[in-house]
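Participant: Protein chains in written order, with our numbering: chain P, 64 to 177; chain A, 247 to 358. Got a structure for you, written out below as structure tokens; questions coming shortly.
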């Protein structure tokens, strides 16, 4: 059974810092990995999707990398801003048995203070 | 706006009451999902529908039923609500071809 772990569970940084959020998974037979952002009381917003054949994806100040062999993905946020404060979740979609059900990590709660 | 629409956004039920949460997507996605999110527990899959006409249990299906009414709509029913079902419920959809998942804005349900 796929297990997804996100470390750290919480992070507080001053504005302007570059930071890295981690997502690790136990089964490397994945189809893709998706990073989401969730603001308090809101739904999940997709940030980046990395297919299993890709190594990284970029969108603005966000860069997500994928290393299937080591079972890891990182979300890099450059020049963090208070508006980046949210919970960030990763979801791993399997590639076996025809199952496309994603497994979610529990998220990293990020606070960026001015 | 294209996406996943959930209704209602908020609901308070008394123990034993029933209700149906509605979900509709306009992206022509084949697969739809219902999750619940609780503090400290993360997102847990209740039921999913891989395609129109099929539904399957997820991790926490007890106390719930679902209906895939058509390709657009996937409803979640609580037949006899219990306080343990107090949660935030999210509907999601995907097209099954690797383009990821789209989530609705959620239904915050309180059972008293």
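Heads up, the beta-carbon is just placed ideally off N, CA and C, and yes, glycines get one too. Being a predicted model, the structure only gives us computed values, none of them experimental.
#1: Pick from 77(P), 82(P) and 119(P): whose alpha carbon is nearest that of residue 171(P)?
#2: Should residue 336(A) be flagged as near chain P, meaning a C-beta pair shorter than 8 Å?
#3: Step through the CB atoms of chain A and report whether any lies within less than 8 Å of the CB of residue 167(P).
#4: Quick one: which chain P residues come within Cβ less than 9 Å of residue 322(A)?
#5: Do residue 339(A) and residue 250(A) count as a contact pair if the criterion is CB distance below 8 Å?
#6: Taking C-beta to C-beta, are residue 321(A) and residue 333(A) nearer than 8 Å?
#7: I'd like to check one pair, residue 91(P) with residue 211(P): are the Cβ atoms closer than 8 Å?
#8: For residue 273(A) and residue 341(A), what's the separation of their Cα atoms in angstroms?
#9: Establish whether the CB of residue 105(P) and some CB of chain A are separated by less than 8 Å.
#10: Am I right that residue 168(P) and residue 153(P) are in contact with their C-beta atoms under 8 Å? What's the rounded C-beta distance?
#11: Report, in whole angstroms, the separation of the C-beta atoms of residue 346(A) and residue 95(P), which I expect to be a contact under 8 Å.
#12: How would you label residue 295(A), buried or exposed, when you count the other beta carbons within 10 angstroms and need 16 or more for buried?
#13: Can you give me the C-alpha to C-alpha distance between residue 161(P) and residue 122(P), rounded to a whole angstrom?
#14: Run through chain P and tell me which residues come within less than 7 Å of residue 294(A), C-beta to C-beta.
#15: Which term fits residue 143(P), buried or exposed, when burial requires 16 or more other beta carbons within 10 angstroms of its beta carbon?
#16: Identify each residue in the segment 275 to 293 of chain A for which the Cβ-Cβ distance to at least one residue of chain P is less than 7 Å, and report them in chain order.
#17: Tell me whether the beta-carbon of residue 349(A) lies closer than 8 Å to the beta-carbon of residue 104(P).
#18: Under 8 Å, CB to CB, which of the residues in the segment 106 to 131 of chain P have a partner in chain A?
Facilitator: According to the structure shown:
#1: 82(P)
#2: yes
#3: yes
#4: Within 9 Å Cβ-Cβ: nothing; residue 322(A) doesn't reach chain P, min ~15 Å.
#5: yes
#6: no
#7: As shown, chain P starts at 64 and ends at 177. That puts residue 211(P) outside it, with no answer to give.
#8: 8 Å
#9: yes
#10: 5 Å
#11: 7 Å
#12: buried
#13: Residue placement at residue 161(P) is poorly supported in this model, since its pLDDT is 49, which falls under 50; the coordinates are not used for a value here.
#14: 164
#15: buried
#16: 277, 288, 289 and 291
#17: no
#18: 106, 107, 108, 109, 112 and 114
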